[in-house]
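Numbering (my numbering), first residue to last: 22 to 162.
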């Protein structure tokens, strides 16, 4: 397995479909999995996740817990469950807008073995203000 997409979620009913669709739209030439930890959501998040897993059983692995894990416990469990050579992080209330994002990052990392991390600018959107708050930049690659 080349890549694992690690996703944590809690009460992301309003966002999880867009997050999952943004992963599933990726155009890649390698195998990947999506490992999702739901931390006892109280809304319809779990139901939505089960529906997606039924549609994509070869891609989606779900982690459900008996007790609340918190953000730290949830991400720890998800990361430990990932089987890919690389891990991409995406929280359940975020999404990707470029269908070649994962391919570009994996190609870069494969061509540059001295690099251990890759990231990119992010566009922030405020749902409350219903507006784009602009790009946040950082070091690339």
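Idealized CB from N, CA, C, for every residue including glycine.
Asked, Found
"Which residues bound the beta strand (DSSP E) around residue 146?", "143-147"
"Quick check on this structure: which residue in 120, 105 and 59 has the alpha carbon closest to the alpha carbon of residue 93?", "59"
"Along the chain, where does the beta strand (DSSP E) that runs through residue 79 open and close?", "It is not in any beta strand (DSSP E) - residue 79 carries neither H nor E in the DSSP assignment."
"Could you name the residues of the same chain whose beta carbon sits closer than 8 Å to that of residue 48, not counting the 5 residues immediately before and after it, in chain order?", "120, 121 and 124"
"Taking all protein chains shown into account, do 16 or more other C-beta atoms lie within 10 angstroms of the C-beta of residue 88, making it buried, or fewer, making it exposed?", "exposed"
"Since residue 58 is in the beta strand (DSSP E), which residue starts that stretch and which ends it?", "53-59"
"Label residue 25 either buried or exposed according to how many other C-beta atoms from any shown protein chain fall within 10 Å of its C-beta, with 16 as the threshold for buried.", "buried"
"Grab the span of the alpha helix (DSSP H) containing residue 97 for me, first residue to last.", "91-102"
"Which residues does DSSP pair with residue 107 in a beta bridge?", "24"
"Tell me the rounded alpha-carbon separation between residue 165 and residue 127.", "Residue 165 falls outside the range modelled here, since the chain spans only 22 to 162, and no answer is possible."
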